[in-house]
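There are 2 protein chains.
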Amino acid sequence: MRAGRWRSPTTTSRSRPDDGAVTHSKSRSPRAAETREVILTAAERLFAEQGVFAVSNRQVSEAAGQGNNTAVGYHFGTKEDLVRAIVVKHARGIERIRRDLLESDANDDSDRDDLRTWITLLVRPSTDYLAQLGRPTWYARFAAQVITDPVLRPIVYEEALASASLRRIVAGLDARKPDLPADVRSSRGAMARNLMTHFVAETERDIADSRADPVEEWNRCGTDLIDAIVGLWQAPCTR
Amino acid sequence: MRAGRWRSPTTTSRSRPDDGAVTHSKSRSPRAAETREVILTAAERLFAEQGVFAVSNRQVSEAAGQGNNTAVGYHFGTKEDLVRAIVVKHARGIERIRRDLLESDANDDSDRDDLRTWITLLVRPSTDYLAQLGRPTWYARFAAQVITDPVLRPIVYEEALASASLRRIVAGLDARKPDLPADVRSSRGAMARNLMTHFVAETERDIADSRADPVEEWNRCGTDLIDAIVGLWQAPCTR
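Respectively, the protein sequence lines represent chains A and B. For our numbering, add 1 to where a residue sits in the first sequence, where the first one is 1. For our numbering, add 1 to where a residue sits in the second sequence, where the first one is 1.
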């Protein structure tokens, strides 16, 4: 049964010693660490271009140049564990940028009452991170699939909830929502999340298909998202 | 190779005689038509709840109560053909509502200059259609997965492009976009699409998990989307 491959009912991925990039260097050789990284990159590209579920662990192993077709299983476990390892890797990169932005911005208290400042703190870490990765990137298209899948979805949310800086930004934003019914506020929060996931994924596809300068495009994507989310956040409610 | 199951390189689904609900009644018995419908419903539910790719054609056949585990293959062909049949079925239902709304609205020419009228025509056909289906629905969660998948994505866009009424609404909206650079206009169109797909899918999940009245919830979802899209459409551009 295919669905079974996607769940690990007896162990949680979180408890696996080889789950994260931080722990593997203690428990694995440098060569194994390198192999893991090659597999992560191959998987991300195949998942973005062909679909997370359409691509088998065997295809990932082959694309990563591993003679042994079970390399993904050996280094990561199930496909769900592999998906989580990709999410964790990028979540850390985004978290670093978010913390830096929050701290550099903390010197300028005058802006803290401004809605746009908080929405900027929400959006820029992702688009700045993708710009830093250089061309090409695959993470945004991969993440959009994971978030839309009913079984994999929680992986991304667990990582997001683990971020103290993101919680601080969401609280800052919450305090600046206009005077609207609670469920309208919550709808608009969900819409901002939807845009950040799916507009970013579409932008990544456009960049991959074009010859445009990715740094400029990501910067523009961030500005367009901030403008639009400020607009939808402040829109009058008619119900 | 799993990916291969998802493509039909020699025949296009469009040319299959058993592709659409309209043609099968000519070429198949009433009992076959009934079986097709049972399979479509089972597939949609499993895809929404467990993931389009995680669920095999065999699991769909079993859930549809078909003794023969190859029933999906017999009645639809590949999984891609099955996905297309589900999309076509619902696209027709949405199209009927959209045409009715456009025509009833045509009597009131005074509103045709109003941006909100066009955004309402864009949003309401989907939310009204889901409200009409009654509880539970699975189509919105299914469609969000299909649109986010790199290989299946074109199926939904082909159906959308085939709709004359949708083209009319998009043209009406285009003529009412504020004075912004062409690429900002196009970004905002993409964002409106993103929200219509993914906020609707999240609402469907919330409704499935709650005891709320689905008709009220879909109505509210439509109003929230219209308010938010009007806001993002008109937001000032800072770049």
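C-beta: ideal position from N, C-alpha, C; glycine also.
- Between the alpha carbons of A:Val53 and A:Ile87 lies a gap of roughly 12 Å.
- Here B:Tyr130 is buried. Its C-beta has 16 or more other C-beta atoms within 10 Å.
- Each residue's CA atom was taken as its position, placing A:Arg177 and B:Asn58 some 48 Å apart.
- By the CB criterion at 8 Å, B:Ile227 and B:Arg117 fall inside the cutoff.
- Taking 8 Å as the cut-off, the Cβ atoms of B:Leu123 and B:Ile170 count as close.
- In this structure, A:Trp219 and A:Ala145 do not form a Cβ contact; the two beta carbons are roughly 16 Å apart against a cut-off of 8 Å.
- Straight across, the Cα-Cα distance linking A:Leu181 with B:Thr224 is about 14 Å.
- The three-state reading of DSSP puts A:Leu83 in helix, counting H, G and I together.
- A:Leu174 sits away from B:Asn195, with the two beta carbons spaced by 8 Å or more.
- The region 143 to 205 of chain A contains, as complete alpha helix (DSSP H) runs of 4+ residues, the segments 154 to 162 and 165 to 175 (chain order).
- Spatial neighbours of A:His91 in its own chain (CB-CB distance under 6 Å, excluding positions within 5 residues in sequence) are listed in chain order as Tyr140.
- Contact holds between the region 37 to 45 of chain B and the region 62 to 79 of chain B, because three or more Cβ pairs, one in each stretch, are under 8 Å apart.
- Nearest to B:Leu153 by C-alpha distance, out of A:Ser30, A:Ala55 and A:Ala43, is A:Ala55.
- B:Ala172 counts as exposed, since fewer than 16 other beta carbons sit within 10 angstroms of its beta carbon.
- Exclusion of the five residues before and after A:Val73 leaves Ile40, Asn58, Val61, Ser62 and Leu83 as the residues of its chain whose Cβ lies within less than 7 Å of its Cβ.
- Distances from the alpha-carbon of A:Pro126 to those of A:Arg32, A:Pro237, A:Thr198 and A:Thr79 put A:Thr198 closest.
- Identification of chain A residues near B:Thr239 by a Cβ-Cβ cut-off of 8 Å yields Thr224, Ile227 and Asp228, ordered along the chain.
- With a contact defined as Cβ atoms closer than 8 Å, B:Ala229 and A:Ala236 qualify at about 6 Å.
- Here A:Pro237 carries a coil assignment [DSSP, helix/strand/coil].
- Those residues of the region 37 to 51 of chain A placed with their C-beta closer than 8 Å to a C-beta in chain B are Ala49, Glu50 and Gln51, ordered along the chain.
- Sorting B:Cys222, B:Ser166 and B:Ser211 by C-alpha distance to the C-alpha of A:Val185 places B:Cys222 at the top.
- At least one CB of chain A lies nearer than 8 Å to the CB of B:Leu233.
- Measuring C-alpha to C-alpha distances from A:Phe77 to each of A:Ala44, A:Glu50, A:Arg97 and A:Arg206 identifies A:Ala44 as the nearest.
- A:Glu50 is the residue among A:Glu50, A:Gly135, A:Leu162 and A:Pro151 whose C-alpha sits nearest the C-alpha of A:Arg142.
- Setting aside the 5 residues that flank it on each side, A:Thr204 is surrounded in the same chain by Cys222, each with a C-beta closer than 6 Å to its C-beta; the list follows chain order.
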